[in-house]
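Here the numbering used here is used: the first residue of the sequence shown is -16, the next is one more, and so on.
Cβ atoms here follow ideal geometry from the backbone N, Cα and C, with glycine treated the same way.
Source: prediction; values computed, not measured.
Before any comments, here is the structure.
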Amino acid sequence: GRRSGWLIGEDASDGKRRYYWSNFGPEVALERMVEYAHRRHWVEQYHEEAKGLLGWDQYQGRQWRGFHRHAVSVMLAYSFLVWREWQQRQERARPGRPRRAFSPSAGPASRVAAGGASADLRLASARSGQGVAVA
């Protein structure tokens, strides 16, 4: 059959044009489709950090239960690291505009709402030697 959906175009602030495909139905508001499209970056960042820091790509078993246990462990560890990063940010008094509760980033409003970490304070940053090590 034919695939139907929405092709959403955006002129980004960096001058690039981006396109997103959505299979939402016609009853869904454009604002909601755009909101979901903008979450993609943060999902990709999670996968990159989870693979690099927490072994998301290391599972080599064949059973669903084993994979499920591995996936839950990685997601739980990642959630813990995000929480610790948030705690550390709250302990530091930094000038600038106040952030909302549980906002790990002090960037533009769209980044804050999406929950992304800033480039200078990545989880368990190897550059600064600070963060939480997971064994």
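Collapsed DSSP secondary structure at residue i in the structure displayed
i     : result
S56   : helix
Y3    : strand
E10   : coil
G(-8) : strand
G35   : helix
Q71   : helix
R23   : helix
R15   : helix
A46   : The question names Ala, but residue 46 in the sequence shown is Gln. In the structure shown, Q46 sits in coil (DSSP, three-state: anything other than H, G, I, E or B).
Q41   : coil
Neighbour-count burial assignment, residue i, 16 or more Cβ in a 10 Å radius
i   : result
S93 : Residue confidence is low: S93 scores 45 on pLDDT, short of 50, so the model does not pin down where it sits. No coordinate-derived value is stated.
V55 : exposed
L37 : buried
A33 : buried
L64 : buried
V26 : exposed
W4  : exposed
E68 : buried
W47 : exposed
W39 : buried
V57 : buried
Q: State whether the segment 9 to 16 contacts the segment 33 to 48, with contact taken as three or more CB pairs (one from each stretch) at a distance under 8 angstroms.
A: Taking a cut-off of 8 angstroms on C-beta distances, the segment 9 to 16 does not touch the segment 33 to 48, as fewer than three cross pairs fall below it.
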